[in-house]
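Below is one structure, written out as structure tokens, with a few remarks after it.
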Amino acid sequence: MCKGGKDRKGFILKLMLVLSLLIASISVVYGNSGPPTVRPSDQKMVFDENSGVALQEEWVTIIMESEEQGIVEVRYVMENISREEENLEMLFILPERSDSLEVFWNNERIEIEEEVSRTRLPSNWRASELPLVHDPLSGMSLRGEYSVYGSYGNSRGKLFTVDLPLGETGELTLHYPSYSGIYQPTEVINSIYHQVYYLTPALFWEGDAKVNLEFQLPEGDYAVDSNIPMEKAGEGIYHGTLEELPQEEWLVGFVSTSGLFLGTNVRVIHNVIVAAVMAVMATGILWLSIKKDPKYKWLGLVLIPMIFLFRVGWGLFLLAVFAGPLVLTVLVVWLLAFLYKRYVRRSAG
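The working numbering puts the first residue of the sequence shown at 11, with every later residue one more than the last.
Below you can see the structure in the form of structure tokens.
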């Protein structure tokens, strides 16, 4: 009995020793771009603020193949300024629906070692709040929030290892698919699509990195809105440069300008402009008719097609579709009730 107790106690001590060695051997992890490490108190992953690795410059290019999907290309130039270990584990944070990632270190392909779920991401990092939604065409702020294909902030990571000796620099290149978020409430005419890239994890690297951003639109005519200032660099291409990393993520929205000839994508503003033009024309028709000028008839013919310039939301569209049958039903019920009451009166008389 006593011997069995000693054996169990010895086994538990050995097991604790093995677990302690495993925990002690966990290496520092670095990522997208920030350097997480394992916190000794609870063994949770956190970003390390003293990584010894500097991010010198970052390039992010989003190439939209369609409104709904694009390819993100990322390139980092990094320098090991004080880290003794050559092996550098890195964690790249991806949007929720981006399930594939290609990684190249100094032009050599790197294999993904592990996928890190959302619950295991560094606990001292959270995606910054999305800015207000703006109409890319008019710049007006809109009510509501983006609805997205996959919730914003529900990210996950890919873990991989590169070699970066002390005092040397290396170039990291990554490619992954990215799916657009979408804003399509009834207050806008054309849906607003957007892409988000997480810039804030890189704040945990050493130094102040220069950031170069590029956004390429799909084929067609679009208006663009970005929370980071960008300039048009060519047909459907926009560039932006920051001398240091920002405290927010990069959000770029775009909308097709097809049918938006009044310079706004906001339904109310569009309809008010159309109504104002029609009111002026109606006033002119009335004035010409009073003057008995036959031109009012031609002006009236021009006014009729303008009704179709109104842009209605789904609510008004459904009302227009079902208004006729609804009114007819009400009239039939009213008529039946009237005839029934009339019949009752005659029977009583």
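Even glycine gets a Cβ: it sits at the ideal position worked out from N, Cα and C.
Here Gln205 is buried: its Cβ has 16 or more other Cβ atoms, across all protein chains shown, within 10 Å.
Val198 is positioned such that its CB atom lies closer than 8 Å to that of Asn275. Glu112 has its alpha-carbon roughly 10 Å from the corresponding atom of Val84.
For Ser127, the three-state secondary structure derived from DSSP is coil. Counting along the chain, the unbroken beta strand (DSSP E) around Val206 starts and ends at 202–207. For Tyr232, the closest C-alpha among the options Leu213, Met88, Gly177, Phe271 is that of Phe271. Here the alpha carbon of Ser165 sits roughly 31 Å from the alpha carbon of Ser148.
Taking 8 Å as the cut-off, the Cβ atoms of Leu261 and Leu184 do not count as close.
A straight-line Cα-Cα distance of about 57 Å links Ser190 and Lys302. Residues of the same chain with a CB within less than 6 Å of the CB of Thr267, apart from the 5 flanking positions on each side, are Asp231, Ala233 in chain order. If you ignore the 5 residues before and after Glu181, its C-beta comes within less than 8 Å of the C-beta of Arg85, Tyr86, Val87, Met88, Trp115, Asn116, Asn117, all in its own chain and listed in chain order.
Look at the segment 136–199 and you find these whole runs of beta strand (DSSP E), each 3 residues long or longer: 166–173, 179–189, 191–193.
Exposed is the label assigned to Pro304, since fewer than 16 other Cβ atoms lie within 10 Å of its Cβ. Pairing Asn97 with Thr171 gives a Cβ-Cβ distance under 8 Å. Boundaries of the alpha helix (DSSP H) harbouring Ile283: 277–300, taken from the DSSP string.
The criterion of a C-beta distance shorter than 8 Å is satisfied by Glu216 and Gly62.
8 Å or more divides the Cβ of Ser188 from the Cβ of Gln194.
DSSP, read as helix, strand or coil, puts Trp344 in helix.
Using a Cβ-Cβ distance cut-off of 8 Å, the segment 287–298 and the segment 243–259 are not in contact, since fewer than three pairs of beta carbons, one from each stretch, lie closer than that value.
Nearest C-alpha to Val82 among Leu227, Ser127, Met288: Leu227. Comparing C-alpha distances from Glu245 to each of Ser236, Pro256, Glu259, Phe225 shows the shortest one belongs to Phe225. About 5 Å separates the Cβ atoms of Ser108 and Tyr186, confirming a contact at the 8 Å cut-off. Of the residues Phe264, Trp344, Lys242, the one whose Cα lies closest to the Cα of Ser76 is Phe264.
The continuous beta strand (DSSP E) containing Ile72 extends over residues 63–74. Contact between His144 and Leu152 is confirmed by a C-beta separation of about 7 Å, below the 8 Å threshold.
Counting along the chain, Arg119 sits inside the beta strand (DSSP E) bounded by residues 118–120. A distance below 8 Å between beta-carbons, with the five flanking residues on each side excluded, links Arg93 to the following residues of its chain, in chain order: Ser61, Gly62, Val63, Leu174, Leu176. Looking at the DSSP output, Asn90 shares a beta bridge with Val63. In summary, Tyr350 is exposed, with fewer than 16 beta-carbon neighbours lying within 10 Å of its beta-carbon over all protein chains present. Between Glu78 and Met288, the alpha-carbon positions lie close to 37 Å from each other. The beta carbon of Glu124 is closer than 7 Å to those of Leu169 in its chain, skipping five residues each way along the sequence.
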